[in-house]
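One structure is given below, encoded as structure tokens.
Chains as they are written, first to last, in our numbering: chain A, 3 to 138; chain B, 28 to 134.
Written out as structure tokens, the structure reads:
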């Protein structure tokens, strides 16, 4: 079953797999172990639900063209990063802060503008990180 | 401009993360409890929703000392907390209106 699940993860786009596949397989294993002890009826329902969820999730992931969010970089401190990356990150943070401020003042058009800017800033950040060979 | 109502998986995930960070399996278990056993989310649905929430900046990875690749925890951001608050306010207004109409029709 675990192998079948991992095989089905191939339905997802590469970026999604790189970011989430290990985590999904881990959660699946924990859930599968629990259902296994609840009897075969639960197990069959669980299996069908997982298959349907994977197919639906993979279809959504292919439709969603936004870049996959990066995994946190565990051991890299802000001080050791190149200035270009720090500035790109600060631009992202400024837009998030602007969005929060706009939402808290019920300025939803402003919030959407900051949200669009934040996505663009995040794309720039990703490019800069790739330039310096820092990946998620 | 009005914010769009949240989908049920998104609402449940945000609610589950409202009081503490959780990793994937803990989210599934908590959501099952929150919904009284009605919602048993699949991993495909869970991670599809998590991805969108990360993209929107409503949640963020939360680093724990014992975190492995398979046990990534997530927590609400300020934006996510605000969105949850707005959705709960919207639901509260709707619930009040619904009960008021029910009471009026019983008289």
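We put the beta carbon where it would ideally sit given N, CA and C, even for glycine.
Could you spell out where the beta strand (DSSP E) holding residue 134 of chain A opens and where it closes?
-> For the purposes of this step, residue 134 of chain A is taken as residue 132 along the first chain, with counting starting at 1. Run containing residue 134 of chain A: none; DSSP gives neither H nor E here.
If you draw a straight line from the C-alpha of residue 86 of chain A to the C-alpha of residue 108 of chain B, how long is it?
-> Within the first chain, the letter at position 84 stands for residue 86 of chain A. Within the second chain, the letter at position 81 stands for residue 108 of chain B. Using only the alpha carbons, I get a separation of about 30 Å.
Output, in chain order, the set of chain B residues within a Cβ distance shorter than 8 Å of residue 54 of chain A.
-> Start at 1 with the first residue of the first chain, and residue 54 of chain A comes out as number 52. Correct list: 69, 71.
Local conformation of residue 87 of chain B per DSSP, three classes | Along the second chain, read from residue 1 onward, the residue named residue 87 of chain B stands at position 60. Three-state result, residue 87 of chain B: strand.
Partner residues on chain B for residue 58 of chain A, Cβ-Cβ distance less than 9 Å | The sequence position of residue 58 of chain A within the first chain is 56, counting from 1. Under the 9 Å cutoff, chain B gives 69, 71, 72, 75.
Name the residue from A:115, A:69, A:120, A:6 whose alpha carbon lies nearest to the alpha carbon of residue 92 of chain A.
-> Residue numbering aside, residue 92 of chain A sits at position 90 when the first chain is read from its first letter. Nearest C-alpha to residue 92 of chain A: A:120.
Please report the residue range of the alpha helix (DSSP H) in which residue 34 of chain A lies.
-> Numbered from its first residue, the first chain carries residue 34 of chain A at position 32. Per DSSP, residue 34 of chain A belongs to the alpha helix (DSSP H) from 16 to 38.
Would you give the residue range spanned by the alpha helix (DSSP H) that residue 100 of chain B belongs to?
-> Residue mapping note: residue 100 of chain B aligns to position 73 of the second chain, counting from 1. No alpha helix (DSSP H) holds residue 100 of chain B; the beta strand (DSSP E) holding it covers 100 to 103.
Apart from the five residues on each side of it in sequence, which residues of its chain come closer than 6 Å, Cβ to Cβ, to residue 76 of chain B?
-> Sequence index remark: in the second chain, residue 76 of chain B carries index 49 (1-based). Cβ neighbours of residue 76 of chain B beyond the five flanking positions: 36, 37, 40.
Where does the unbroken alpha helix (DSSP H) through residue 63 of chain A begin, and where does it stop?
-> Counting from 1 along the first chain, the entry for residue 63 of chain A is found at position 61. For residue 63 of chain A, the uninterrupted alpha helix (DSSP H) run begins and ends at 42 to 65, by DSSP.
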